[in-house]
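Number of protein chains: 2
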Amino acid sequence: MRTKEGNKDKDILEAAVKVFASNGYHKAKISKIAEVAGVATGSVYVYFDNKESILLKIFEQLWGKLFIELKIVAETQNLSPLERIDAMIDLVFDVFTENPSLAIVFVNEQNHLQQSNNSAFTNYYEKFLDLGEDVIKEGMKNGLFSPSIDLNVFRYYLLGGIRNLLQHWAQDPKEFPLNKIRQNVKLLTKHGIQK
Amino acid sequence: MRTKEGNKDKDILEAAVKVFASNGYHKAKISKIAEVAGVATGSVYVYFDNKESILLKIFEQLWGKLFIELKIVAETQNLSPLERIDAMIDLVFDVFTENPSLAIVFVNEQNHLQQSNNSAFTNYYEKFLDLGEDVIKEGMKNGLFSPSIDLNVFRYYLLGGIRNLLQHWAQDPKEFPLNKIRQNVKLLTKHGIQK
DNA sequence: TTTATTTTTGAATAGTGATTCATTAATAAT
DNA sequence: ATTATTAATGAATCACTATTCAAAAATAAA
């Protein structure tokens, strides 16, 4: 018998995030991912079925991690709904601040997976969005939030806005600091543009 | 001598919008675009340098058209800044309502071009965004809009939100009607989620 | 008509890179 | 030690499709 050495699957995933981030998914070569991971090209196929499934795994882990963290915040009873929304926005920004390559992959390739209609991905993503929705619902019930807002619209609007901002930040982090973005997103979410 | 028959360039562009919309840019075959346009594969290369330049042309025309229309609204002096923002949002939604395939190409492939850093594209897009910015600036000067909003952040946020919503609309137009989206985007822009 | 010029064609080319698989290497069990 | 089993390798395969280009077709001019 022989046992697997090290964590090649983890190495490959981390390498893939880097390579996808710098070249985009379509231009990324499996041979390059293998090289960065320090394994042979063929080894990638020992751990993953194909190129697409590597991308899928990256997103699964991302949304999975976020979901767990957000769930805790969403259920913290001693915060008001507005404070919880704030904290949830913070969490999303924190994840991407920690790992800029992951941010780039997220903003550029999320479409790709949404189109492929992969259920594993969709489930995670929807569960993630539902958490935010629950908080908003509570805010409406308490009379804090405007009841004329459609929840489905709001959640996709917020996430789309954040995604686009992250994309511009990733292209030029100094010109476009993440903290300014974060503050403004919170303001816009709460008050819109009106005084 | 021989003169060109019909408007093959226009036919090819329209075919490309359809094919890009249904398969995505990367999976779209030139031979399929030619087939839909009713020309030979080789003819595509008589009118366009390569695949990428077809996509570029589509976006150039889209932003070019939008720019002209938005400029008129942005400079209409008898509308308040808020009314102008409203009208501008309407214009964007109108373009995509008229041509759903174009909406799909827009939401899925805009990233692609932004990354390629093509100046022809960037110029149009930035000019387009600047128009909205001018209106917001006026609103701030008049004391209508909150001065703590960063304009750069706001414009990317708004466009990103709209883009994401259009994407979901394009995937399921009945479940997610465009008019509801339009109304909610206006509300969220003005007031945020708070009452 | 005939010739010259330009358009159109689509089969052939050519580059690419994802994926496979026969082989080698390493470890566990006997 | 020896054998069995699984991991790891990377060169070769194979499919795919953007692009090219020599030939054919169409029209204008002579």
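Sequence lines, in order, name chains A and B.
If you want the numbering used here, it's the 1-based position in the first sequence plus 3.
If you want the numbering used here, it's the 1-based position in the second sequence plus 3.
C-beta: ideal position from N, C-alpha, C; glycine also.
Here the structure is a predicted model, which is why all the values come from computation and not from measurement.
Within 10 angstroms of the Cβ of residue 101 (chain A), are there 16 or more other Cβ atoms? Answer buried if so, exposed if not.
exposed
In whole angstroms, give me the CA-to-CA distance for residue 192 (chain B) and residue 35 (chain A).
44 angstroms
Backbone secondary structure at residue 179 (chain A) - three-state DSSP
coil
Rounded C-alpha distance that separates residue 70 (chain B) from residue 15 (chain A)
45 angstroms
When the cut-off is 8 angstroms and only beta carbons count, does residue 5 (chain A) lie next to chain B?
no
Only counting the same chain, and skipping five residues up and downstream in sequence, which positions put a Cβ closer than 6 angstroms to that of residue 51 (chain A)?
57
Between B:62, B:83 and B:23, which has its C-alpha nearest residue 147 (chain B)'s C-alpha?
It is B:83.
Can you tell me which of the three DSSP states residue 204 (chain B) falls into?
The first residue shown for chain B is 4 and the last is 198, placing residue 204 (chain B) beyond what the model contains.
Quick check: the Cα distance between residue 45 (chain A) and residue 60 (chain A), rounded to an integer number of angstroms?
18 angstroms
Within a Cβ cutoff of 6 angstroms, which residues of the same chain sit near residue 141 (chain B), ignoring the five residues on either side of it in sequence?
84
Using the Cβ count rule (16 or more neighbours within 10 Å means buried), how would you classify residue 166 (chain B)?
buried
Whole-Å CB distance - residue 73 (chain B) paired with residue 109 (chain B), under 8 angstroms assumed:
The Cβ separation is near 15 angstroms, so there is no contact.
Mind pulling the alpha helix (DSSP H) runs of 4 or more residues that sit fully within the region 43–105 of chain B?
44–50, 54–77 and 84–101
Is it the case that the region 9–29 of chain B contacts the region 167–185 of chain A, given that we only count it when at least three CB pairs across the two stretches are under 8 angstroms?
no
Neighbourhood of residue 127 (chain A) by C-beta, 8 angstroms cutoff - its chain only, sequence neighbours within 5 removed:
By the criterion of a C-beta distance shorter than 8 angstroms, residue 127 (chain A) is surrounded in its chain by 62, 63, 66, 67 and 70, once the five residues flanking it on both sides are discounted.
Below-8 angstroms beta-carbon distance, residue 114 (chain B) vs any chain A residue:
Cβ-Cβ to chain A under 8 angstroms: yes for residue 114 (chain B).
Tell me which same chain residues have a C-beta within less than 7 angstroms of the C-beta of residue 39 (chain A), skipping the five on either side of it?
18, 21 and 22
Please look up how many angstroms separate the CB atoms of residue 43 (chain A) and residue 138 (chain A), rounded, as I've assumed it's under 8 angstroms.
Going by Cβ atoms, the distance from residue 43 (chain A) to residue 138 (chain A) rounds to 47 angstroms, so no, they are not a contact pair.
Going by DSSP, what residues sit across from residue 131 (chain A) in a beta bridge?
DSSP output for residue 131 (chain A) lists no bridge partner at all.
In chain A, which residues lie less than 7 angstroms from residue 153 (chain B) when you measure between Cβ atoms?
Residues of chain A passing the Cβ test: 183 and 187.
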